[in-house]
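Participant:
Numbering (the UniProt record's numbering), first residue to last: 1 to 316.
1) Pull the bridge partners of residue 157 from the DSSP assignment, please.
2) Name the DSSP bridge partner or partners of residue 237?
3) Enumerate in chain order the residues of its own chain whose CB-to-CB distance from residue 4 is below 6 angstroms, with the five nearest sequence positions on each side excluded.
4) I'd like the list of long-range same chain contacts for residue 14, defined as Cβ closer than 6 angstroms, with 5 residues on each side in sequence excluded.
5) How would you call residue 1, buried or exposed, if buried means at least 16 neighbouring beta carbons within 10 angstroms?
6) Rounding to the nearest angstrom, what Cα-Cα distance links residue 47 and residue 141 in this structure?
7) Over the uninterrupted beta strand (DSSP E) stretch that includes residue 105, give me the two end residues.
8) If you compare alpha carbons, which of 78, 64, 18 and 39 is closest to residue 6?
9) According to DSSP, is residue 248 helix, strand or coil?
10) Quick one: what does DSSP say residue 61 is sitting in, helix, strand or coil?
11) Cα separation between residue 261 and residue 148?
12) Mark residue 9 as exposed unless 16 or more other C-beta atoms lie within 10 angstroms of its C-beta, in which case mark it buried.
13) On the CB-based measure, 16 or more other CB atoms within 10 Å of its CB, does residue 189 come out buried or exposed?
14) Quick check: what's the CA-CA separation for residue 198 versus residue 125?
15) Select from 60, 129 and 91 the residue whose C-alpha is nearest the C-alpha of residue 12.
16) Rounded to whole angstroms, what is the Cα-Cα separation between residue 295 and residue 288?
17) Can you tell me where the alpha helix (DSSP H) with residue 290 in it begins and where it stops?
18) Contact defined as beta carbons within less than 8 angstroms: I believe residue 202 pairs with residue 194. What is the distance between those atoms, to the nearest angstrom?
19) What's the C-alpha gap between residue 242 and residue 265?
20) Going by other Cβ atoms of all chains shown within 10 Å of its Cβ, with 16 needed for buried, is residue 273 buried or exposed?
21) If you check the beta carbons only, do residue 269 and residue 112 fall under 8 angstroms apart?
This is the structure we're talking about:
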């Protein structure tokens with residue numbers, strides 16, 4: 001539990017024991033299967049971290065206090081590490097700055113570089129999401145962890161991305177965790193922008209992603225950020241059932257049922273009637289009947305247009 005905060009396994013085990021044995025004497029903590037020197041080292045580690053109260057015995061501080069103390073210590077270590085990097089960066093720049101564009105080759109290296117960039121995010125992640133994908137099954141762990149650390153996520157999804165198995169459910173999960181999602185019929189390329197300091201543009205050849213460009217601060221990065229902002233403004237918010245769209249549209253009218261709102265939101269993604277029925281657990285004929293009625297009501301010429309009009313007028 002505390003290993004991620006810099007505490008050794010032995011010290012953590014001793015701390016957990018002391019929670020149930022407040023005031024225990026150091027010699028009483030040494031069992032036949034324990035090395036006295038190891039116990040002494042663990043006690044010293046706990047005292048050094050401030051996890052034992054002053055006094056002759058060994059009394060552990062409360063767990064919430066322990067977490068805060070350890071977290072503060074790690075933050076201080078991180079601050080010192082960043083300060084120590086500054087002179088190294090100066091020497092690095094004097095020798096020669098890296099090229100503003102780095103080419104990463106190989107699907108494994110592309111995936112690894114993507115993970116590194118996502119983990120570096122501190123403020124904001126922007127992205128264009130469209131096929132093909134390096135990994136067929138998306139791992140949401142990194143994105144959810146970043147959202148949990150209050151990193152702002154904004155993603156524009158190409159309609160084909162949401163028709164792939166499991167992707168719609170993934171978007172729902174990320175939106176529930178705080179991601180802002182929008183949709184367009186298509187996007188020019190895949191894109192990841194981290195803190196507006198780095199960008200990654202995967203280069204696909206057919207259905208494979210074997211290369212990617214990593215872009216550092218330069219005019220090309222500025223152009224990629226501007227491109228994202230432009231497409232974001234044109235994209236349609238991914239609708240939430242029963243709620244106004246993220247663009248601030250009016251709430252859905254009272255005579256629009258929750259099922260209708262859900263169908264409209266999914267129409268904007270370009271899903272077929274069969275996929276909508278499966279996703280909502282409705283019968284195919286029920287969905288087809290609702291789609292026809294909604295298209296007539298909105299005066300839409302096709303299904304996708306109905307979803308877009310509903311989003312733009314605040315019906316989602």
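The beta-carbon is built from N, C-alpha and C at its ideal position, and this holds for glycine as well.
Facilitator: Walking through what the data contain:
1) 129 and 183
2) 182
3) none
4) 42
5) exposed
6) 35 angstroms
7) 101-105
8) 78
9) Because residue 248 carries a pLDDT of 38, less than 50, the predicted location of this residue cannot be relied on, and the following value inherits that uncertainty. Three-state result, residue 248: coil.
10) coil
11) 28 angstroms
12) exposed
13) exposed
14) 10 angstroms
15) 60
16) 11 angstroms
17) 284-298
18) No, residue 202 and residue 194 are not in contact; Cβ-Cβ is about 14 angstroms, not under 8 angstroms.
19) Its pLDDT being 31, under 50, residue 242 is placed unreliably in this model, and the value from its coordinates should be taken loosely. So the two alpha carbons sit approximately 10 angstroms from each other.
20) buried
21) no
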